[in-house]
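**Q** Residue numbers (mature numbering (1 follows the signal peptide of the UniProt record, and there is no 0)): -28 to -1, 1 to 500.
Take this structure first; my questions come after.
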Amino acid sequence: MSRRRWWTRAVPALTLLVAGGLVTPALAAPAQAAPGAPPVVRTGQGTLQGALVDGVDDFLGVPYAAPPTGARRWQPPAPAPTWSGSREATSYGPRCAALASSNGARSDSEDCLYLNVYRPHGATASSALPVYLFIHGGGLVNGSSNQAGGEQFARETGAVVVSINYRLGVFGFLGLAGLSSRGEGNYGFLDQQAALRWVQREIGAFGGDSGRVTVGGESAGGFSVCGHLVAQSSRGLFARAMMQSGGCPSRPVAATEKDSRTFAATAGCTTDRVACLRTASAAALLDASTGFSPTLTTGVAPFPVPLVTAVERGDVARVPMVVGSNRDEGRTFFTNLIGGSRADYVAFVRGLYGASADAVLARYPWPARSDRFTAAYLASDVATDSGILAGIGGCGTLATASAFDRVNPVWMYEFDARRGPGLTPIPGYVWGAGHAAELAYLFPSFDNGTPIAPTFDSGERQLSRDMTAYWGAFVTTGTPQATNRALWPGLADGSVLSLRPGGRSTAIGVDAYRAEHRCDFWASLGRA
């Protein structure tokens, strides 16, 4: 089976990325601002007054597009508002409409197109600092810009950090004929483009260099970065790209149309669908959206062909890239199998792999000695290695990185803090390097209701410093070579950087990586 077919078969597993709301955990409020004169920036929209927080100038809740409410629901983003006088920018804007999850309480707000800017204190319009724009994850149905508190990254790397909201779920990715004059169904992605264009126009006023913008994202944010690499309309909006635990899934417009009609029926809109949906309240639409699992839609703007087709053709932005994932991605998703039996594990494998299930069970057998976590651990290994989680992890990440490496310089990593704290404490369960576990190492304010970074031991704190240095070097120079850290060879050199606690990060060979994740086996099944 070609890599293209393998990627395509991974797409249905997108639903796992939002099951139980595990993908994009919530954050505490930003740290208290220091006393003194607040920082002020004059933009093309008006004057912003921010706050000095932990040695960084924070500008929070900045509108980058008009509120997509009323007639602007399911339309491309409109120009941002302007204002007279000074606008206070010291608190986050509303989160985009989403159901309650571990990411936070339910939000019914459609007025949500806001971003946050974190700059090193003292930066001026002439500083020309590198810029890191981060796109949050959450399966395209939850999450917010609040996920990435950028103070530490800005302070330690000297970069300007931007985090953004974008429309989610049915508000961001519903695709019905007649719903929009342009008919994309990719409104949330268009929001991201609007934020990137805002950065091109405005970031200079904050001390950023619009010619040195890195677009990065995790999970669904990583999928989105793949979309920006493919979309012609995103070309020139960034100079570097980083994909954390993200593949390149997409689906044809006919599939989006079918799912959107199903949603409309659930919402009670069976006749004159468009008029019915346009007049429905946000709360009613959210209530009906539990079964809607979006991804980027192709065959319409801005994606004329499937993302994997464009990547395989090399029809992507020519920029340096960092691509990677976590050693135990699946351990975040299969906690529902804690306490599961051997029969539960077998049923899981047969449900995913059909005719190939016996081969998978032979390669990932039930051990002679087991405990209440065995089914969860085995399911995680199978899903991670095969990349069935929408191309995330193991052989799927290697396939994605290798495809891009044919036309772009790519540095690949694997986050391997296997004994680090998990997203939610479960006595006895070893989360390993699960999905989203790396985020707290880059953004210490990241948590899942239980703060993670404050529980780091000395080795994990060292890894946080190392990762920040590698990411900062890439954002600054386009190569992730950090002073006094292990050399990070490119994928073209046959190496992957294994990110480990305690200053033990090291380059490993691609062959060793393939063996660890049994990629030859998955290739024999047409899945790697």
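Even glycine gets a Cβ: it sits at the ideal position worked out from N, Cα and C.
Is DSSP giving T19 helix, strand or coil here?
**A** strand
**Q** Note down, one range per segment and in chain order, each alpha helix (DSSP H) of at least 4 residues found wholly within the stretch 126 to 174.
**A** 141 to 145, 159 to 174
**Q** Excluding the 5 residues flanking L(-2) on each side, which residues of the same chain have their C-beta closer than 7 Å to its C-beta?
**A** Unreliable placement is indicated for L(-2), whose pLDDT of 34 sits below 50; the coordinate value is still reported in the next sentence. Same-chain partners within the cutoff: N118, Q119, G121, S417, F418, D419.
**Q** Could you tell me which of A167, E301, G22 sits nearest to T369, measuring between CA atoms?
**A** E301
**Q** In this structure, does DSSP put W46 in helix, strand or coil?
**A** coil
**Q** Is D287 helix, strand or coil by DSSP?
**A** Coil, per DSSP.
**Q** Assign T270 to one of three DSSP states: helix, strand, or coil.
**A** strand
**Q** Tell whether a beta-carbon distance below 9 Å holds between L168 and G157.
**A** Result no, Cβ atoms of L168 and G157 do not sit closer than 9 Å.
**Q** Quick check on the burial criterion: 16 or more other C-beta atoms within 10 angstroms. Buried or exposed for Q204?
**A** exposed
**Q** Looking at the strands, I want to know which residues DSSP matches up with N456.
**A** Paired residue(s): none; N456 is not in a bridge.
**Q** Quick check: what's the CA-CA separation for L71 versus L268?
**A** 20 Å
**Q** Please give me, in chain order, every unbroken run of the alpha helix (DSSP H) with length at least 4 that falls completely inside the stretch 427 to 485.
**A** 430 to 449
**Q** In this structure, does DSSP put N118 in helix, strand or coil?
**A** It is helical.
**Q** For the 8 Å Cβ check, are there 3 or more pairs between the stretch 80 to 96 and the stretch 177 to 197?
**A** yes
**Q** Which residue's Cα is closest to the Cα of M439: Y325, G311, S261, G474?
**A** G474
**Q** How would you label S196, buried or exposed, when you count the other beta carbons within 10 angstroms and need 16 or more for buried?
**A** buried
**Q** Are the CB atoms of C491 and T372 within a distance shorter than 9 Å?
**A** no
**Q** Report the option in H200, M384, S232 whose CA atom is closest to the CA atom of W46.
**A** S232
**Q** For residue 551 and L411, I'd like the C-alpha separation in whole angstroms.
**A** Absent from the model: residue 551. The displayed extent of the chain is -28 to 500, so no value can be given.
**Q** Thinking V134 and N88 are a contact (beta carbons under 8 Å), I'd like their distance in whole angstroms, please.
**A** 7 Å
**Q** What are the boundary residues of the beta strand (DSSP E) that includes L87?
**A** 86 to 92
**Q** DSSP beta-bridge partners for N79?
**A** The sequence as given places Ser at residue 79; Asn does not occur at that position. Paired residues: A70.
**Q** In terms of residue numbering, what span does the beta strand (DSSP E) encompassing P213 cover?
**A** It should be pointed out that residue 213 corresponds to Ala in this sequence rather than to Pro. Here the beta strand (DSSP E) through A213 covers 212 to 216.
**Q** Nearest-angstrom Cα distance between T96 and I175?
**A** 11 Å
**Q** Buried or exposed for I298, please, with buried defined as at least 16 other CB atoms from any protein chain shown within 10 angstroms of its CB.
**A** According to the sequence shown, residue 298 is Asn rather than Ile. It counts as buried.
**Q** Put D30 into one of helix, strand or coil per three-state DSSP.
**A** strand
**Q** Could you round the C-beta distance between S220 and V280 to whole angstroms and report it? I think they count as a contact, below 8 Å.
**A** Looking at the sequence provided, one finds Cys at residue 220 rather than Ser. That pair is a contact at about 5 Å.
**Q** Whole angstroms is fine: what's the gap from A226's alpha carbon to V291's?
**A** 32 Å
**Q** Would you check if there are 3 or more beta carbon pairs closer than 8 Å linking the stretch 9 to 23 to the stretch 54 to 68?
**A** Short answer: they touch.
**Q** Here's the rule I'm using: 16 or more other beta-carbon atoms within 10 Å means buried, otherwise exposed. How should S206 be labelled?
**A** buried
**Q** Taking L395 as part of the alpha helix (DSSP H), name the residues at either end of that continuous run.
**A** Following the DSSP letters along the chain, one finds L395 in no alpha helix (DSSP H), marked with neither H nor E.
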